[in-house]
Ligand SMILES: Nc1nc2c(c(=O)[nH]1)N[C@H]1C(S)=C(S)[C@@H](COP(=O)(O)O)O[C@H]1N2
Ligand SMILES: [Mo]
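Numbering (my numbering), first residue to last: 56 to 310.
So this is what it looks like as structure tokens:
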């Protein structure tokens with residue numbers, strides 16, 4: 056087991072060394088884990104995966120926050136894209152009840168698994184940010200988001216254990232994505248329940264969506280259903296760490 060892990064991380068290191076040289080980056084001596092997606096594809100897409108993530112992580116490593124905008128820049132009609140109202144019996148029941156009975160399970164490699172009501176989530180420290188959403192399908196828009204930092208949610212669950220590497224979020228409409236700890240602890244990574252000063256509208260992912268700034272649209276999951284902390288994504292569905300990367304999009308969707 057130990058040996059396999061070592062081999063895997065060594066080959067990842069070699070790969071990044073090669074990719075790094077290719078892009079003119081010097082990553083030797085760094086902890087390369089934060090520069091690599093969980094699974095590196097073969098061929099050119101694999102090279103693109105590594106270069107995008109490694110170069111952004113490297114270049115932005117001294118920039119704590121993404122740009123935040125002025126209220127005057129907020130987009131008037133923020134699009135509702137893809138899923139607008141999940142056709143799920145339990146979700147529809149919760150929606151009819153104004154999400155009073157909605158609960159967010161937080162489990163896996165946390166010290167104190169728990170289930171948060173919307174009220175409990177709103178009682179956690181709040182962050183509000185006006186950021187730009189960039190959809191990989193060719194549009195962008197600015198909105199103000201309010202929510203609880205994902206880090207605060209994990210802390211409410213007693214923090215993560217030593218083996219924790221990714222947070223996996225599942226949604227009502229069957230999407231899922233994994234995020235590594237760099238994105239998870241980022242101050243602008245929030246579980247948003249407010250948009251432009253109001254409750255998050257249904258079409259934009261009510262009652263709670265993820266805002267993971269600097270990632271393209273599809274990593275910003277709507278209709279969040281559960282949160283799970285894991286050591287590896289290999290055994291989860293397609294094994295690439297997300298529904299989008301399972302379908303050949305980049306796992307690290309840097310925008
Ligand atoms: N659960 C879920 N999350 C999702 C999607 C979706 O279809 N289902 N679409 C993604 C895509 S591609 C984009 S661009 C944004 C769109 O968010 P919006 O509807 O608030 O504009 O949500 C992302 N999150
Ligand atoms: Mo998107």
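All residues carry an ideal CB built from backbone N, CA and C; glycine is no exception.
Item	Value
Pull up the distance between the alpha-carbon of residue 148 and that of residue 159, whole angstroms please.	15 Å
What does a CB cutoff of less than 7 Å around residue 226 pick up in its chain, not counting 5 residues either side in sequence?	276, 277, 278, 279, 280
For ligand 1, I want to know if residue 253 counts as a neighbour, meaning its beta carbon is within less than 7 Å of at least one of the ligand's heavy atoms.	no
Is it buried or exposed, residue 128, if we count other Cβ atoms within 10 angstroms and call 16 or more buried?	exposed
Indicate, with yes or no, if ligand 4 has a heavy atom lying under 7 Å from the CB of residue 307.	The ligand content of the structure shown is limited to ligand 1 and ligand 2, which means ligand 4 is not among them.
Can you name the start and end residues of the alpha helix (DSSP H) that residue 298 belongs to?	298-301
Taking 8 Å as the threshold (C-beta atoms), are residue 165 and residue 284 in contact?	yes
Flag this pair as touching only if the segment 231-239 and the segment 188-202 have three or more C-beta atom pairs under 8 Å; answer yes or no.	no
Between 185, 293, 193, 256, which has its C-alpha nearest residue 267's C-alpha?	185
When the Cα atoms are used, what is the spatial distance from residue 251 to residue 245?	15 Å
Let me check you understand the geometry: is the CB of residue 258 closer than 7 Å to at least one non-hydrogen atom of ligand 1?	yes
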